[in-house]
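Quick note on the UniProt record's numbering: the sequence shown kicks off at 1 and runs consecutively.
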Amino acid sequence: MAIKKITSSARALKNPDSIGLKSENNGNDSSLMEFEQFVSNKPQNSRGKSWLAITLIVVVLLLATVWLVMSRAQTMEKSGKFQAIYLENGQTYYAKVAKEDALNIYLSDVYYIQIEQQTVQPAEGAEEGAEPQVVEVPVLIKRGEELHKPQGLMQINRSKLVAIEEIGADSEILKEIDRINQPQPQQ
1 MAIKKITSSA
11 RALKNPDSIG
21 LKSENNGNDS
31 SLMEFEQFVS
41 NKPQNSRGKS
51 WLAITLIVVV
61 LLLATVWLVM
71 SRAQTMEKSG
81 KFQAIYLENG
91 QTYYAKVAKE
101 DALNIYLSDV
111 YYIQIEQQTV
121 QPAEGAEEGA
131 EPQVVEVPVL
141 IKRGEELHKP
151 QGLMQINRSK
161 LVAIEEIGAD
171 SEILKEIDRI
181 NQPQPQQ
């Protein structure tokens, strides 16, 4: 349904008294001239406003492009140091942050701690009949050595992150990572 817009000039044509004009029956020529001037007034040119709007849009687009390029450049400049990545489910990964975007972080060289049960035999001087004990031992596991052999970067959604911290150079975790990465002597 179209809406009809009635301008003041259209109202004046229907009812000249609504804008202070006298009817023609009074013979007032000045009122008629005022009416003609009123009708002949053209609305202001909107060209100036359109140029302002176009300029504003171009400036906003340029600023958005610069921001996007700068944010991508920052995500590419990673330190290459190991960091502890804490997730909301309690899992902690020790990895290098390879890249980031607005929704995810991508990890390389990923390690995590897994608790394994190991059996400890009683010492030689222990009582006879002493049974072996089962103890839980934390073991650092390198991602990629699991049964399903994951490859490539590990992707984690930012909404699952609690914190990311850089690992200190003298950290026990970093020492264990170095030990795991040393070539094993051939037997």
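Backbone N, C-alpha and C fix where the C-beta goes; we use that ideal spot for every residue, glycine too.
| field | 3-residue-minimum beta strand (DSSP E) runs that sit fully inside the region 120–158, ordered along the chain | value | For the beta strand (DSSP E) assignment, the uninterrupted runs of no fewer than 3 residues enclosed by the region 120–158 are, from N- to C-terminal side, 133–142 and 154–157.
| field | Limits of the alpha helix (DSSP H) - the one that Leu103 falls within | value | Looking up residue 103 in the sequence shown gives position 103. Segment: none, Leu103 is in no alpha helix (DSSP H) and carries neither H nor E.
| task | Would you check if the distance between the CB atom of Lys97 and the CB atom of Leu107 is smaller than 8 Å? | result | If you number the sequence shown from 1, residue 97 lands on position 97. If you number the sequence shown from 1, residue 107 lands on position 107. Sequence check: residue 97 is Val here, not Lys. Yes, Cβ-Cβ distance for Val97 and Leu107 is below 8 Å.
| said: Am I right that Ile115 and Pro138 are in contact with their C-beta atoms under 8 Å? What's the rounded C-beta distance? | reply: Your numbering for residue 115 matches position 115 in the sequence shown. Your numbering for residue 138 matches position 138 in the sequence shown. Contact flag correct, Cβ pair sits at about 6 Å.
| Three or more C-beta pairs closer than 8 Å, one from the region 133–152 and one from the region 172–182: is that the case here? | yes
| Reference Ser171; option with closest CA among Gly90, Ala84 and Glu100 | If you number the sequence shown from 1, residue 171 lands on position 171. The shortest C-alpha separation from Ser171 is found at Ala84.
| query | In three-state terms, what does DSSP make of Ala169? | reply | To locate residue 169, count along the sequence shown from 1; it is residue 169. Coil at Ala169, not helix or strand.
| request: Could you give the DSSP three-state label for Lys96: helix, strand or coil? | output: Taking the sequence shown and counting its residues from 1, one reaches residue 96 at position 96. Here Lys96 sits in strand by DSSP.
| message | Using DSSP's beta-bridge definition, name the partner residues of Ile180. | response | Translated into the one-based positions of the sequence shown, residue 180 becomes position 180. DSSP, once it has assigned bridges, lists no residue as partnering Ile180.
| task | Quick one: residues in its chain with C-beta nearer than 6 Å to the C-beta of Leu21, no 5 flanking neighbours on either side, listed in chain order? | result | Within the sequence shown, numbered from 1, the residue matching residue 21 stands at position 21. Because Leu21 carries a pLDDT of 47, less than 50, the predicted location of this residue cannot be relied on, and the following value inherits that uncertainty. Hits under 6 Å: Ser31 and Phe35.
| field | Length of the line joining the Cα atoms of Ser50 and Leu62 | value | The count along the sequence shown starts at 1 and reaches residue 50 at position 50. The count along the sequence shown starts at 1 and reaches residue 62 at position 62. In a straight line, the C-alpha of Ser50 is about 18 Å away from that of Leu62.
| task | In the DSSP assignment, find the beta strand (DSSP E) that holds Gln83 and state where it starts and stops. | result | Looking up residue 83 in the sequence shown gives position 83. That run of the beta strand (DSSP E) goes Phe82 to Leu87.
| Any idea if Met33 is buried or exposed, counting beta-carbon neighbours within 10 angstroms, 16 or more meaning buried? | Mapped onto the sequence shown, residue 33 falls at position 33. Flag for Met33 reads exposed.
| When the distance is taken between beta carbons, is Asn89 closer than 8 Å to Ile156? | Here residue 156 is taken as the residue at index 156 of the sequence shown, counted from 1. Here residue 89 is taken as the residue at index 89 of the sequence shown, counted from 1. Not in contact: Ile156 and Asn89 (Cβ atoms no closer than 8 Å).
| task | Count the other CB atoms, across all protein chains shown, that sit within 10 Å of the CB of Ala95; report buried if there are 16 or more and exposed otherwise. | result | Position 95 of the sequence shown, counting from 1, holds the residue named residue 95. Classification of Ala95: buried, given that the 10 Å Cβ count is 16 or more.
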